[in-house]
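**Q** Numbering (the numbering used here), first residue to last: 5 to 412.
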């Protein structure tokens, strides 16, 4: 063995010794990790799972990466191309993870290099357990080894799931991988995914995470519980009360976008995009980018809505009004502005009145409102304004306060 190889083994062993223990039967002194300086705005990108499931390959990932560029999504701010579960093959004699040789015949670094050549970033998936949710090799017991492998491949983002984790403590297990990623020497955004079961918003940042799932998986439906998965409104309801845990570098993640997958109307997809933006949520598309229609592209590349999501103040929105099927959500933005979503959850058109008092503003203050889907600036108004909101849809606005005219 070369001296370089021996040095690598020695360093790896040292790192493994230093790794925090993650067994439920053993005590652990948990300390808060310092922020890693990544994901200062919610990550934007694409993930293979919602549309393709296990049907991933090098050819597919490279095709979708090209489509991210040609569709205008890269120009709109999307960066991460993320392979979800099922890319794994087996571990070699040294325990190093290898991609499925049929699906990724030239290895993963070639795919990462191609994604990088397009000016994009490359993401991958693993699991804290011995196996992933689809039964592929997980990272349990190989955290530092996998992190070094990912760094050598050029990985920029890791989604880390929570299947087959019997006997593990989530905080400790996620902290172990966070430490391993940092020890790899490469900046890698760390996405925690325990489906919100153990309230990761309370400890995810301290465990070294940049974002954490707050709910079970989303499904392509307006509402309802579908086995393990939840409809859009069910996901939304579980975000209430979590705003104080989010901010630059650490985000609540209500799961990926379903826009363009065919289970909802375009109006409902616009509502999802609006609501995810008001939540300061990661915008991770989950459709087939290479074959999306014009309506889907227009939703995903609406720069006015994206600007709300990416606002550097980083404050997550909250509901400020509810009356039956009508809701109003708002979030502060830089420059003293606010973003507002008027949501109609029901099946009949509603007239929803936005009162300035619901935004914490005096009624006499003149506001200039901008409709982000019609790309239209509305007349200056005081006190409030009423909007007709069609069924299962949303209106999204930004408001800018103006100085009231002086009398006399």
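Where is the CB? At the ideal position from N, CA and C, for every residue including glycine. A quick note: this is a predicted structure, and the numbers were derived from the prediction, not measured.
Can you tell me the Cα-Cα spacing of residue 303 and residue 353, whole angstroms?
**A** Position 299 of the chain shown, counted from the first residue, corresponds to residue 303. Position 349 of the chain shown, counted from the first residue, corresponds to residue 353. Spanning the two alpha carbons is a distance of roughly 22 Å.
**Q** Taking its Cβ as the centre, do 16 or more other Cβ atoms sit within 10 Å of residue 56, making it buried, or is it exposed?
**A** Taking the first residue of the chain shown as position 1, residue 56 is located at position 52. Flag for residue 56 reads buried.
**Q** Start and end of the beta strand (DSSP E) containing residue 102?
**A** Here the question's residue 102 lines up with position 98 in the chain shown. It spans 101-103 - the beta strand (DSSP E) in which residue 102 sits, taken as one unbroken run.
**Q** Out of 339, 330, 168, 342, which has the shortest C-alpha to C-alpha gap to residue 349?
**A** Your numbering for residue 349 matches position 345 in the chain shown. Taking only the C-alpha atoms, the option nearest residue 349 is 330.
**Q** For chain B, find out if any of its Cβ atoms is closer than 8 Å to the Cβ of residue 92; answer yes or no.
**A** Considering every chain present, this structure includes no chain B. It has just one protein chain.
**Q** Whole-angstrom Cβ separation of residue 119 and residue 85, contact assumed at under 8 Å?
**A** The residue given as residue 119 occupies position 115 in the chain shown. The residue given as residue 85 occupies position 81 in the chain shown. With 8 Å as the limit, residue 119 and residue 85 qualify as a contact, their Cβ atoms being about 5 Å apart.
**Q** Is residue 201 buried or exposed, if buried means 16 or more other CB atoms sit within 10 Å of its CB?
**A** Translated into positions along the chain shown, residue 201 becomes position 197. Exposed, because fewer than 16 other Cβ atoms sit within 10 Å of the Cβ of residue 201.
**Q** Helix, strand or coil for residue 180, going by three-state DSSP, please let me know.
**A** On the chain shown, position 176 is the one that residue 180 refers to. Here residue 180 sits in helix by DSSP.
**Q** My understanding is that residue 218 touches residue 257, with C-beta atoms under 8 Å, so please give their C-beta distance in whole angstroms.
**A** Numbered from 1 along the chain shown, position 214 holds the residue referred to as residue 218. Numbered from 1 along the chain shown, position 253 holds the residue referred to as residue 257. Indeed they touch by this definition, with Cβ atoms about 6 Å apart.
**Q** When burial is assigned at 16 or more other CB atoms within 10 Å of the CB, is residue 109 buried or exposed?
**A** Your numbering for residue 109 matches position 105 in the chain shown. Answer is exposed; the Cβ neighbour count stays below 16.
**Q** Could you tell me which uninterrupted beta strand (DSSP E) segments, each at least 3 residues in length, are contained entirely in the region 276-349, listed from first to last along the chain?
**A** Segments of the beta strand (DSSP E) lying fully in the region 276-349: 287-289, 322-327, 330-336, 342-348.
**Q** So, is residue 204 buried or exposed, given that buried needs 16 or more other C-beta atoms within 10 angstroms?
**A** To locate residue 204, count along the chain shown from 1; it is residue 200. Looking at its Cβ environment, which holds 16 or more other Cβ atoms inside 10 Å, residue 204 is buried.
**Q** Let me know if residue 236 comes out buried or exposed under the rule of 16 or more other beta-carbons within 10 Å of its beta-carbon.
**A** As a position in the chain shown, residue 236 is number 232, starting the count at 1. Buried: at least 16 other Cβ atoms inside 10 Å.
**Q** Can you list, in chain order, the residues of its chain with a C-beta nearer than 6 Å to that of residue 270? Leave out the 5 residues immediately preceding and following it.
**A** Taking the chain shown and counting its residues from 1, the one referred to as residue 270 is at position 266. Cβ within range, chain order: 299.
**Q** Which residues share a DSSP beta bridge with residue 238?
**A** In the chain shown, counting from the first residue as 1, residue 238 sits at position 234. Residue 238 pairs with nothing; no bridge assigned.
**Q** Measure the CB-CB distance between residue 63 and residue 214 and report whether it falls below 8 Å.
**A** Stepping through the chain shown from its first residue, residue 63 is reached at position 59. Stepping through the chain shown from its first residue, residue 214 is reached at position 210. No, they are not a contact pair.
**Q** From which residue to which residue does the alpha helix (DSSP H) around residue 54 run?
**A** Residue numbering aside, residue 54 sits at position 50 when the chain shown is read from its first letter. First-last of the alpha helix (DSSP H) with residue 54: 53-56.
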